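**Student:** Heads up: the protein sequence lines correspond to chains A and B, in order. 7 is the number of the first residue of the first sequence in the working numbering; add one for each residue after it. 71 is the number of the first residue of the second sequence in the working numbering; add one for each residue after it. In this text, a Cβ means the ideal position worked out from N, Cα and C, and glycines have one as well. These numbers were taken from a predicted model, which means no experiment stands behind them.
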Amino acid sequence: MDEIWAVLERYEGELDDLSWEIVAQGREIADRLNQRLCTVIIGSNISSLADSLNHRGVDEAYLLDDPGLGTYTPELHAQALSNFIQERGPRMVLWGATPNGSDLAARTAAKLGLGLVSDCIAIEVGKEGSLLYYKPTHKEKVCSTVIFSHDRPQLATVRPGSTEVKDLRSAYEIKVAPISPKLDPSKCAIRATGMIRTDPVNLLVEEADTIVSGGRGVGGKDNFRLLEEAASILGGTIGGSRIAIDNRWIPRERQIGQSGRTVKPKLYIACGISGASHHVMGMKDSEFIVAINTDPGSPIFRLADVKIIGDLLQVLPAITNEIHKQKEASKRK
Amino acid sequence: MNIIVCVKQVIDTEHLTRIVGERTIGDPDLPRVVNPCDLVAVEEALQLKERGIADEVILVSVGSSSAKDALYRCLAMGANRAILLCDAAFEGSDSYATATLLAKAIGSLDYGLILCGQKAFDTKAGQVGYYLAEMLRIPIISGAMKMEVPSGEKVIVQRKLRGGHREVLEASLPLLVAVEEGLNEPRYVSQRAISRARSKEVKEYDRKALGLSPEYVGQRGSKTEVTSLLRPRPKRIFVPDLSLPALKRLVQIETGGFKQREGSSLTGIPQEVASRLVEILLSNKLLRI
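Quick look at the structure:
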């Protein structure tokens, strides 16, 4: 039987959360085509990871296990995976469109001389089992439908958050297949020499999952300290509307809006921002928006998931305090 | 050492309000710009030239004759010369076919470093660099947020990872580096400088001049094909922002606007509001204690 592969990423020793989305997407296609869904995990000493996939709708887990694959080594990972794809010839290979997932997918496609559709939001099974890939282009204004000119293997990366995670629990027992990948480290030209961990507060606004953002209502540079404290305890960074930048309360690269940066964080907390359209254009696609403002008529409230009508100078420290308290309490437990 | 920079001209999506063609956005009147992260690549190359690490900065682009405008802009920034790969037969090229053209043109040049933007602003595929590096048999490092060329022999790159972290990678030249926006701030060029740059020569090559047979270019040389362009599915309820000028409002309607949310209101004393918000954040997995 033909196979659909989902290449899963590891994050701090565990399977990445995104894995369940790729598995859900892969399962749907596999069912429509009446094919098997297999997951591929690349790493060193990873046999325990297959357990978490058991009874989750996955037919088989391939573990490409080698001491050289412990951390993400771009060329070596691509070697291991492309050799394995060449050997087995699956119908489709899926990755999450993360920095490492996209890198590995593109390297694999290049090595094998295959096409790749990146950042898909949907994959449909068309007539006679043909596959249609949908991806947003032109800054999300267009959705392109893409097909492959070759039948197999078809490679694609899937945008995080585009697939609903379903409960695929089943009695079905997973098969685990440890594979010793064929590797040739002498062909690797890139050396990994270190990691730089960034304190979330110093993140670029485009990269942050959480942004605490301030506008005119913050009132001054000193008050931005309250936003920084809230951002810090939430594991995020700070941003601001144009007024905060023009008054030099925060640096220019933290401006969010039409003339600044466009952001799509998981959580956006707008503090003392009225919600003028040039600011809204830069943050409207945030997943969850909290707005704090003294004026109940502020346009920002129209797009807020949680509206707090109140003084940010009082509310923000209370929020920081509350999180701090709960963190302390859970530490004591 | 020469540096080659791959440059793409893209539609300025700010002005994109309708889809004209079935497979391409055919409106010829739409304003076009240099792909933003390609400008970053040009800037980085110019800085290396100014520091004496690079001799010449050579631009290579695939596009229609209008793409010359993009090249003039980069020449005005200070690039030495430019090559445009232009032929009606190249239409319908995907990332793979585009890389085939670039590899053919670049293969005959003398270079130490190739720079390109991480992603094109329009198609956002981010693949040409990988195919190109493979075809030229040189290594590639992508996602560069910072780069150094300490000796003129090797390159040290900080690669963008999730969560704002960086991985430090090192490789000897020749090498291809795909750069992210944010690596540097591309220099400003005046319209006058761009006009002056128009006197510089842009060498044009078509399929025959590149010596490629028809099956390697355009749709035939591609691995994927765009079969249709759709509006994004209307999944949002929204009201156009009436404070916007008419054109902006139109853009907003065409692109789905923003979601008007039925948010819950929190009122009361700050401590109460805070504890209810924290509850909501926890239940939405936006906060981990």
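Take the Cβ of residue 92/A as the centre, count every other Cβ of all protein chains shown within 10 Å, and call the residue buried at 16 or more, exposed below.
**Tutor:** Burial call: exposed.
**Student:** Please list the partners that residue 200/B has in chain A, where partner means a Cβ-to-Cβ separation under 8 angstroms.
**Tutor:** Chain A residues near residue 200/B: 112, 113, 115 and 116.
**Student:** Is it buried or exposed, residue 213/A, if we count other Cβ atoms within 10 angstroms and call 16 or more buried?
**Tutor:** Burial call: buried.
**Student:** Examine chain B for any beta-carbon lying closer than 9 angstroms to the beta-carbon of residue 310/A, and answer yes or no.
**Tutor:** Residue 310/A counts as touching chain B.
**Student:** Can you tell me the Cβ-Cβ gap for residue 114/A and residue 161/A, rounded? I've got them flagged as a contact below 8 angstroms.
**Tutor:** Contact holds; Cβ gap of about 7 angstroms.
**Student:** If we ignore side chains and look at the alpha-carbon of each, how far apart do residue 103/B and residue 260/B end up?
**Tutor:** Approximately 14 angstroms, taken between the alpha carbons.
**Student:** Looking at C-beta atoms only, is the number of pairs between the stretch 243-250 of chain B and the stretch 213-229 of chain B that lie closer than 8 angstroms three or more?
**Tutor:** Touching, yes.
**Student:** Given residue 81/A, which residues of its chain have a CB within under 8 angstroms of its CB, disregarding the five upstream and five downstream residues?
**Tutor:** Answer for residue 81/A: 113, 193, 194, 195 and 196, listed in chain order.
**Student:** Just confirm the distance between the C-beta atoms of residue 63/A and residue 176/A, as a whole number of angstroms; I'd bet it's less than 8 angstroms.
**Tutor:** That belief holds up - the Cβ atoms of residue 63/A and residue 176/A are roughly 6 angstroms apart, short of 8 angstroms.
**Student:** Please confirm whether residue 74/B has its beta-carbon closer than 9 angstroms to some beta-carbon of chain A.
**Tutor:** Chain A contact via Cβ: absent.
**Student:** Please state whether DSSP places residue 88/A in a helix, a strand or coil.
**Tutor:** Residue state, collapsed to three classes: helix.
**Student:** Are the beta-carbon atoms of residue 150/A and residue 298/B separated by less than 9 angstroms?
**Tutor:** Yes, the Cβ-Cβ distance between residue 150/A and residue 298/B is below 9 angstroms.
**Student:** Just checking: is the beta-carbon of residue 331/B within a distance shorter than 9 angstroms of some beta-carbon in chain A?
**Tutor:** Yes, because at least one Cβ of chain A sits closer than 9 angstroms to the Cβ of residue 331/B.
**Student:** Could you pull out every residue in the same chain whose Cβ sits closer than 6 angstroms to the Cβ of residue 275/A, ignoring the five residues on either side in sequence?
**Tutor:** Closer than 6 angstroms at the Cβ level, and outside the excluded window around residue 275/A, lie 218 and 296.
**Student:** Looking at C-beta atoms only, is the number of pairs between the stretch 148-163 of chain B and the stretch 219-231 of chain B that lie closer than 8 angstroms three or more?
**Tutor:** Because the criterion of three Cβ pairs below 8 angstroms is not met, the stretch 148-163 of chain B and the stretch 219-231 of chain B do not touch.
**Student:** Mind checking who residue 11/A pairs with in its DSSP beta bridge?
**Tutor:** Answer is 44/A and 99/A.
**Student:** Starting from residue 215/B, follow the beta strand (DSSP E) in both directions and report where the run begins and ends.
**Tutor:** It spans 210-218 - the beta strand (DSSP E) in which residue 215/B sits, taken as one unbroken run.
**Student:** Would you say residue 157/A reaches chain B, if we count a Cβ-Cβ gap shorter than 9 angstroms as a contact?
**Tutor:** By this cut-off, residue 157/A is not an interface position.
**Student:** Going by other Cβ atoms of all chains shown within 10 Å of its Cβ, with 16 needed for buried, is residue 227/A buried or exposed?
**Tutor:** By the 10 Å Cβ count, residue 227/A comes out exposed.
**Student:** Would you give the residue range spanned by the beta strand (DSSP E) that residue 126/A belongs to?
**Tutor:** Run containing residue 126/A: 122-126, per the beta strand (DSSP E) assignment.
**Student:** Just to confirm my understanding: we take residue 274/B, look at its own chain, exclude 5 residues before and 5 after, and list those with CB closer than 6 angstroms. What are they?
**Tutor:** So the qualifying residues of the chain are 154 and 156.
**Student:** Which class does residue 160/A belong to by DSSP, given the choice of helix, strand or coil?
**Tutor:** It is a strand residue.
**Student:** Rank 183/A, 100/A, 16/A and 270/A by C-alpha distance to the C-alpha of residue 287/A and give the top, closest one.
**Tutor:** For the residues 183/A, 100/A, 16/A and 270/A, the minimum Cα distance to residue 287/A belongs to 270/A.
**Student:** Cβ closer than 7 angstroms: which chain B residues qualify as neighbours of residue 294/A?
**Tutor:** Here the neighbours are 354 and 356.
**Student:** Three-state secondary structure (DSSP) at residue 307/B?
**Tutor:** Reliability fails at residue 307/B, whose pLDDT of 46 lies under 50, so the model's placement of it is uncertain and the value that follows must be treated cautiously. In the structure shown, residue 307/B sits in coil (DSSP, three-state: anything other than H, G, I, E or B).
**Student:** Is the shortest distance between the beta-carbon of residue 203/A and the beta-carbons of chain B less than 9 angstroms?
**Tutor:** It does; some Cβ of chain B falls within 9 angstroms.
**Student:** Please report the straight-line C-alpha distance between residue 171/B and residue 260/A, rounded to a whole angstrom.
**Tutor:** Distance between the alpha carbons of residue 171/B and residue 260/A is about 39 angstroms.
**Student:** Out of 77/A, 289/A, 279/A and 166/A, which has the shortest C-alpha to C-alpha gap to residue 299/A?
**Tutor:** Residue 299/A has its Cα closest to that of 279/A, out of 77/A, 289/A, 279/A and 166/A.
**Student:** Go ahead and label residue 70/A buried or exposed: buried means 16 or more other beta carbons lie within 10 angstroms of its beta carbon, across all protein chains shown.
**Tutor:** Label assigned to residue 70/A: buried.
**Student:** State the Cα-Cα distance for the pair residue 31/A and residue 319/A, rounded to the nearest angstrom.
**Tutor:** Between residue 31/A and residue 319/A, the C-alpha separation is close to 45 angstroms.
**Student:** For the beta strand (DSSP E) containing residue 154/A, list its first residue and its last residue.
**Tutor:** Looking at the DSSP string, the run of the beta strand (DSSP E) that includes residue 154/A is 148-154.
**Student:** Nearest-angstrom Cα distance between residue 123/B and residue 176/B?
**Tutor:** Looking at the two C-alpha atoms, the distance is approximately 20 angstroms.
**Student:** Going straight from the alpha carbon of residue 357/B to that of residue 348/B, what length do you get?
**Tutor:** For residue 357/B and residue 348/B, the distance between alpha carbons rounds to 8 angstroms.
**Student:** Hey, residue 197/B and residue 124/A are a contact pair by Cβ (cut 8 angstroms); roughly how many whole angstroms apart?
**Tutor:** The pair is a contact, with the Cβ atoms about 7 angstroms apart (cut-off 8 angstroms).
**Student:** Got a sec? Which residues, its chain only, sit under 6 angstroms from residue 195/B by beta carbon, not counting five neighbours each side?
**Tutor:** 165.
**Student:** Kindly list, in the order they appear in chain B, the residues whose Cβ is closer than 9 angstroms to that of residue 85/A.
**Tutor:** Near residue 85/A there are no residues of chain B at all, since even the closest Cβ is about 13 angstroms away, more than 9 angstroms.
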